[in-house]
Amino acid sequence: MMSLSSADFSEIIHYPWRDPNWFSKLCGQGAVLLGLSFFIIGLPFLIGYGVRCTQLAIEQKPLLSIVLFSGMLGYLLTLAYSVVLWFVHPAYMPLLATGRTIRDCLKIKQYIWPYIKTNFVAILIGLAIGYLAGLIGSAGLFVFLIGGLFTLPFAITVSNYTNGVIYRHSPLK
Numbered sequence: 032m033m034s035l036s037s038a039d040f041s042e043i044i045h046y047p048w049r050d051p052n053w054f055s056k057l058c059g060q061g062a063v064l065l066g067l068s069f070f071i072i073g074l075p076f077l078i079g080y081g082v083r084c085t086q087l088a089i090e091q092k093p094l095l096s097i098v099l100f101s102g103m104l105g106y107l108l109t110l111a112y113s114v115v116l117w118f119v120h121p122a123y124m125p126l127l128a129t130g131r132t133i134r135d136c137l138k139i140k141q142y143i144w145p146y147i148k149t150n151f152v153a154i155l156i157g158l159a160i161g162y163l164a165g166l167i168g169s170a171g172l173f174v175f176l177i178g179g180l181f182t183l184p185f186a187i188t189v190s191n192y193t194n195g196v197i198y199r200h201s202p203l204k
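So the sequence shown is numbered by this note's numbering: it starts at 32 and just counts up by one.
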């Protein structure tokens with residue numbers, strides 16, 4: 032099984048700062064991320080939730096029984112989807128980055144599963160790096176109020192660069 036070296040860790044963490052225009056590029060990504068996350072994802076969810084709560088109030092039905100069950104079911108589905116995606120994302124992202132098609136990314140038995148088995152330890156390390164980068168991104172968002180423009184794009188950049196380093200060292204291409 033392939034793993035990552037300390038030189039790989041150093042390369043991954045320092046990657047976002049190699050570009051002379053790193054600050055403007057990360058902030059540009061952050062501006063797009065903030066716009067997309069609020070207007071495309073956040074706002075429709077909040078409006079939908081608000082409409083449902085209003086309907087329940089009009090019908091004089093309790094909020095807890097209906098919304099709690101659907102929320103728990105949604106959480107469990109999201110958790111299952113996230114666990115699958117944590118392992119599949121590092122396998123399909125290099126395919127897209129090397130010019131392969133989405134059809135190639137759907138070849139679970141031929142490519143995705145063998146890639147995950149071959150690089151399992153490195154993918155786990157990459158997930159840990161991505162998780163830590165995400166914690167930094169979240170801390171920047173809530174503590175320093177700069178996360179949306181800087182630390183979240185940094186976390187995304189580090190996570191995706193980690194996938195590239197894993198692929199570069201992988202014996203399975």
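Glycine residues also receive a C-beta, built at the ideal position from the N, C-alpha and C atoms. What you are looking at is a predicted structure, and each value in this text was computed from that prediction instead of being measured.
Beta-carbon within less than 7 Å of residue i's beta-carbon, same chain only, minus the 5 sequence neighbours each way: which residues are those?
i	result
Ile154	Phe118, Pro121, Ile147 and Ile197
Thr27	Past the edges of the chain, shown from 32 to 204, lies residue 27, and the structure says nothing about it.
Asp50	Lys56
Between which two residues does the alpha helix (DSSP H) harbouring residue i extend?
i	result
Val196	Leu183 to His200
Trp144	Trp144 to Thr149
Arg131	Taken as a continuous stretch (DSSP letters only), Arg131 belongs to no alpha helix (DSSP H), as it is neither H nor E.
Asp50	Unbroken run through Asp50: none, as it is neither H nor E.
Ile139	Segment: none, Ile139 is in no alpha helix (DSSP H) and carries neither H nor E.
Glu42	Ser37 to His45
Identify which residue in the options has its Cα closest to the Cα of residue i.
i	options	result
Ala159	Val189, Ile89, Lys92 and Lys204	Val189
Asn191	Leu126, Lys92, Val115 and Thr85	Leu126
Tyr46	Ile187, His200 and Thr149	Ile187
Leu163	Tyr142, Ile44, Val114 and Lys140	Ile44
Gly195	Leu166, Leu104 and Gly157	Gly157
Thr149	Leu57, Ser55, His200 and Arg83	His200
Which same chain residues end up closer than 6 Å to residue i when comparing Cβ atoms and leaving out the 5 residues on each side of it in sequence?
i	result
Gln60	Pro184
Cys136	Tyr123 and Leu126
Tyr142	none
Glu90	none
Near residue i, which residues of its chain fall below 8 Å by C-beta distance, leaving aside the five closest residues on each side in sequence?
i	result
Pro145	Leu203
Tyr112	none
Take every Cβ of the region 180-187, pair it with every Cβ of the region 163-172, and state whether three or more of those distances are shorter than 8 Å. Yes: at least three Cβ pairs fall under 8 Å.
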